[in-house]
Amino acid sequence: MIGLKVAILGGTGAVGQRFVQLLNGHPWFEIEVITGKTSVGKKYGDAVNWILDSDIPEQVKDLVIVETELRNLRGVDLVFSSLPSGEASIEREIMNSGIPMVSNSSFLRMDPTVPLVIPEVNKDHLALLDIQRKAGVGPTATSPNCTTTMIVLPLKPLDDSYSLRSLNVASYQAVSGAGYPGVPSYDIINNLIPFISEEEEKVERESRKMLGKLVDGKIENADFDVQATCVRVPVLDGHTVAIHAEFEEEVDVEDAKRVLEGFDPGPDVRSLPSSPEKAIIVREERDRPQPRYDRLAGKGMSVSVGRIRRGANKRSLLFISHGHNTIRGAAGGAILLAELMRSKKFI
Ligand SMILES: NC(=O)c1ccc[n+]([C@@H]2O[C@H](COP(=O)([O-])OP(=O)(O)OC[C@H]3O[C@@H](n4cnc5c(N)ncnc54)[C@H](OP(=O)(O)O)[C@@H]3O)[C@@H](O)[C@H]2O)c1
Numbered sequence: 460m461i462g463l464k465v466a467i468l469g470g471t472g473a474v475g476q477r478f479v480q481l482l483n484g485h486p487w488f489e490i491e492v493i494t495g496k497t498s499v500g501k502k503y504g505d506a507v508n509w510i511l512d513s514d515i516p517e518q519v520k521d522l523v524i525v526e527t528e529l530r531n532l533r534g535v536d537l538v539f540s541s542l543p544s545g546e547a548s549i550e551r552e553i554m555n556s557g558i559p560m561v562s563n564s565s566f567l568r569m570d571p572t573v574p575l576v577i578p579e580v581n582k583d584h585l586a587l588l589d590i591q592r593k594a595g596v597g598p599t600a601t602s603p604n605c606t607t608t609m610i611v612l613p614l615k616p617l618d619d620s621y622s623l624r625s626l627n628v629a630s631y632q633a634v635s636g637a638g639y640p641g642v643p644s645y646d647i648i649n650n651l652i653p654f655i656s657e658e659e660e661k662v663e664r665e666s667r668k669m670l671g672k673l674v675d676g677k678i679e680n681a682d683f684d685v686q687a688t689c690v691r692v693p694v695l696d697g698h699t700v701a702i703h704a705e706f707e708e709e710v711d712v713e714d715a716k717r718v719l720e721g722f723d724p725g726p727d728v729r730s731l732p733s734s735p736e737k738a739i740i741v742r743e744e745r746d747r748p749q750p751r752y753d754r755l756a757g758k759g760m761s762v763s764v765g766r767i768r769r770g771a772n773k774r775s776l777l778f779i780s781h782g783h784n785t786i787r788g789a790a791g792g793a794i795l796l797a798e799l800m801r802s803k804k805f806i
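Under our numbering, the first residue of the sequence shown is numbered 460, with each subsequent residue one higher.
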């Protein structure tokens with residue numbers, strides 16, 4: 460038991476609730492502070508509109524929610540931010556204060572001094588934290604947008620094997636991705652919405668940053684074309700993405716399956732408390748993955764990939780990727796990243 464004191468910013472939201480759920484009984488991190496906006500001054504158990512299928516953990520029910528201000532974070536060892544991106548400017552203050560932070564908001568994701576990391580994909584980018592340390596700030600790291608996670612995680616071993624040239628994706632995104640209460644029921648039931656503000660831009664820029672290379676202390680974005688179409692669908696949890704990837708090399712479908720199946724992020728990631736047994740699960744059924752059956756694979760931390768087939772030419776591959784947006788795509792991914800930062804002594 461390490462017992463690091465943790466603050467959750469925006470703890471009543473869809474992602475904040477996942478943090479509360481996943482940190483309950485965590486071997487290293489203990490929730491000490493929860494912040495909010497409209498819920499400030501109330502006990503967590505009274506303020507939160509709990510939308511998860513476990514009970515609210517007893518340890519946080521009586522915790523009084525405080526303002527999202529630096530003075531309320533003094534004494535904590537680590538901050539998890541699940542603030543709306545437009546309300547997250549305090550993250551800059553936290554970074555400058557030297558309190559370790561992992562954020563799910565997009566506010567600092569594209570800052571060239573801040574690593575944007577999926578532990579299985581680009582743990583080497585954490586070297587930016589050494590540069591932050593020398594500058595007397597941080598450590599601050601960010602987790603990607605939930606849709607980008609489901610794209611980049613399976614692409615990593617494929618890019619390593621065949622070298623990605625272009626990417627064309629269409630997403631089918633769950634309503635919990637819009638937070639709580641999110642999309643009005645009248646808009647989404649019996650419907651889908653072919654527009655999610657800023658989502659396509661996030662997929663495009665974040666995938667290039669994460670698959671980019673660290674050169675002389677800077678991330679050089681990967682140089683592939685990205686086209687994305689993002690659609691909200693009437694599914695509660697779990698983002699599905701249809702991926703069409705073109706590579707520099709020819710791709711044999713069975714070989715690609717072996718590459719995905721055999722993906723190993725290394726013992727430093729595999730041994731972390733929140734690491735799933737398999738980060739990528741290959742499904743052979745003709746109609747999987749599906750949100751209802753696959754969102755909780757690996758306790759929500761695995762990404763399931765299926766319908767792997769050849770595209771229009773020998774260098775292209777089509778497949779479906781699916782993962783839990785508030786677990787792997789948000790709180791769970793951020794906790795795994797914080798565990799990696801701790802194990803590498805950045806925290
Ligand atoms: N949902 C997902 O699947 C997902 C996945 C990846 C990343 N993200 C990102 O994670 C962040 C949170 O998303 P969410 O879905 O959890 O949103 P949400 O359900 O709308 O929750 C927002 C939370 O932030 C708090 N808040 C709002 N304005 C604030 C302010 N000005 N100061 C302090 N606290 C404030 C709210 O507190 P009160 O209740 O007290 O007002 C609430 O706890 C966003 O940046 C989002 O883009 C979400």
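The C-beta atom is built at its ideal place from N, Cα and C for all residues, glycine as well.
Exposed or buried, which one is T497 when buried takes at least 16 other CB atoms within 10 Å?
By 1-based counting over the sequence shown, the position of residue 497 is 38. Residue burial is scored here from C-beta neighbours: T497 has fewer than 16 other C-beta atoms within 10 angstroms and is therefore classed as exposed.
Contact test: L695 Cβ vs ligand 1 heavy atom, cutoff 8 Å
On the sequence shown, residue 695 is found 236 positions in, with the first residue counted as 1. No - ligand 1 has no heavy atom lying nearer than 8 Å to the Cβ of L695.
Sufficient close CB pairs (3 or more, under 8 Å) joining the stretch 579 to 599 to the stretch 689 to 702:
Touching, no, given that fewer than three Cβ pairs across the two stretches are closer than 8 Å.
Taking the alpha carbon of E659 as the reference point, which residue from R691, E679, N650 has its own alpha carbon closest?
Here residue 659 corresponds to residue number 200 of the sequence shown, with the count starting at 1. When only C-alpha atoms are compared, the closest one is R691.
Please list the terminal residues of the continuous alpha helix (DSSP H) segment that includes A715.
As a working mapping, residue 715 is identified with position 256 in the sequence shown. Its alpha helix (DSSP H) spans residues 712 to 720.
Cα separation between K677 and K803?
Translated into the one-based positions of the sequence shown, residue 677 becomes position 218. Translated into the one-based positions of the sequence shown, residue 803 becomes position 344. When rounded, the distance between both Cα atoms is 20 Å.
First through last residue of the alpha helix (DSSP H) which encompasses D684
Numbered from its first residue, the sequence shown carries residue 684 at position 225. In this chain, D684 is not harboured by any alpha helix (DSSP H); it is covered by the beta strand (DSSP E) spanning 684 to 691.
Where does I515 fall in DSSP's three states?
Counted from its first residue, the sequence shown places residue 515 at position 56. Reduced to three states, the DSSP call for I515 is coil.
For R729, collect the residues of the same chain with a Cβ closer than 8 Å to its Cβ; drop the 5 residues on either side in sequence, then sort them by chain order.
Within the sequence shown, the letter at position 270 stands for residue 729. For R729, where only same-chain residues beyond five positions count, the Cβ hits under 8 Å are D723.
Kindly indicate the opening and closing residues of the beta strand (DSSP E) around S625.
As a position in the sequence shown, residue 625 is number 166, starting the count at 1. First-last of the beta strand (DSSP E) with S625: 623 to 632.
Span of the alpha helix (DSSP H) around I807:
In the structure as shown, the chain begins at 460 and stops at 806. Residue 807 is therefore absent and cannot be evaluated.
Neighbour-count burial assignment, I648, 16 or more Cβ in a 10 Å radius:
For the purposes of this step, residue 648 is taken as residue 189 along the sequence shown, with counting starting at 1. With fewer than 16 Cβ atoms within 10 Å of its Cβ, I648 is classed as exposed.
I647 Cβ short of 8 Å to ligand 1 heavy atom set
As a position in the sequence shown, residue 647 is number 188, starting the count at 1. Not under cutoff, so the answer is no.
Could you tell me if P640 is buried or exposed, where buried requires 16 or more neighbouring beta carbons within 10 angstroms of its beta carbon?
Position 181 of the sequence shown, counting from 1, holds the residue named residue 640. Result: exposed.
Segments of 3+ residues assigned as beta strand (DSSP E) that fall wholly inside the stretch 566 to 617
As summarised for the stretch 566 to 617, the continuous beta strand (DSSP E) elements at least 3 residues long and confined to that stretch are 599 to 601, given in chain order.
Is it buried or exposed, A466, if we count other Cβ atoms within 10 angstroms and call 16 or more buried?
For this step, residue 466 is matched to residue 7 along the sequence shown. Residue burial annotation: A466 is buried, with at least 16 other C-beta atoms found within 10 angstroms of its C-beta.
Is S644 near ligand 1, going by C-beta to nearest heavy atom under 8 Å?
Mapped onto the sequence shown, residue 644 falls at position 185. No.
Would G534 and G595 be called neighbours here (beta carbons separated by less than 9 Å)?
Counted from its first residue, the sequence shown places residue 534 at position 75. Counted from its first residue, the sequence shown places residue 595 at position 136. Between G534 and G595, the C-beta spacing is not below 9 Å.
Would you call the CB atoms of G757 and K737 closer than 9 Å?
Translated into the one-based positions of the sequence shown, residue 757 becomes position 298. Translated into the one-based positions of the sequence shown, residue 737 becomes position 278. In this structure, K737 lies closer than 9 Å to G757 by Cβ.
Helix, strand or coil for L664 per DSSP?
Position 205 of the sequence shown, counted from the first residue, corresponds to residue 664. Correcting the residue identity first, residue 664 is Arg in this sequence and not Leu. Here R664 sits in helix by DSSP.
In angstroms, rounded to a whole number, what distance separates the CA positions of T494 and S548?
Here residue 494 corresponds to residue number 35 of the sequence shown, with the count starting at 1. Here residue 548 corresponds to residue number 89 of the sequence shown, with the count starting at 1. Roughly 14 Å between the two C-alpha positions.
Using the three-state DSSP reduction, which class does V507 fall into: helix, strand or coil?
Position 48 of the sequence shown, counted from the first residue, corresponds to residue 507. Secondary structure at V507: coil, using DSSP grouped into helix, strand and coil.
Please classify V474: does DSSP put it in a helix, a strand, or coil?
On the sequence shown, position 15 is the one that residue 474 refers to. V474: helix per DSSP, three-state reduction.
Look at I524 and G500 and say whether their C-beta atoms are less than 9 Å apart.
Start at 1 with the first residue of the sequence shown, and residue 524 comes out as number 65. Start at 1 with the first residue of the sequence shown, and residue 500 comes out as number 41. Yes.
Beta carbon of K668: closer than 8 Å to some heavy atom of ligand 1?
As a first step, residue 668 is located in the sequence shown; it is residue number 209 there, counting from the start. Result no, Cβ not under 8 Å from ligand 1.
Cutoff 6 Å; reference A790; Cβ partners in own chain excluding five residues on either side
The residue you call residue 790 lines up with position 331 of the sequence shown. In chain order, V474, R477, F478, L481 place their CB closer than 6 Å to the CB of A790, counting only its own chain and leaving out the 5 sequence neighbours on each side.
Taking the CB atoms as reference points, tell me whether T608 and G472 lie closer together than 9 Å.
Translated into positions along the sequence shown, residue 608 becomes position 149. Translated into positions along the sequence shown, residue 472 becomes position 13. No, these two residues do not count as a Cβ contact at 9 Å.
Our contact map puts I553 next to V538 with C-beta atoms below 8 Å; I'd like the distance itself, whole angstroms only.
For the purposes of this step, residue 553 is taken as the residue at position 94 of the sequence shown. For the purposes of this step, residue 538 is taken as the residue at position 79 of the sequence shown. Their Cβ separation, rounded to whole angstroms, is 6 Å, which keeps I553 and V538 in contact under 8 Å.
Put A701 into one of helix, strand or coil per three-state DSSP.
Mapped onto the sequence shown, residue 701 falls at position 242. DSSP places A701 in strand when its eight states are reduced to three.
State the Cα-Cα distance for the pair L585 and A600, rounded to the nearest angstrom.
Locating residue 585 in the sequence shown gives position 126, where the first residue counts as 1. Locating residue 600 in the sequence shown gives position 141, where the first residue counts as 1. Near 8 Å, if we compare the C-alpha coordinates of A600 and L585.
Which of helix, strand or coil does DSSP assign to R742?
Translated into the one-based positions of the sequence shown, residue 742 becomes position 283. The three-state reading of DSSP puts R742 in coil, since its state is none of H, G, I, E or B.
Are the Cβ atoms of I610 and S780 separated by less than 9 Å?
For the purposes of this step, residue 610 is taken as residue 151 along the sequence shown, with counting starting at 1. For the purposes of this step, residue 780 is taken as residue 321 along the sequence shown, with counting starting at 1. Cβ distance < 9 Å, so I610 and S780 count as in contact.
Quick check on P641: does DSSP put it in helix, strand or coil?
One-based indexing of the sequence shown puts residue 641 at position 182. Here residue 641 turns out to be Gly, not Pro, going by the sequence shown. The DSSP-derived three-state label of G641 is coil.
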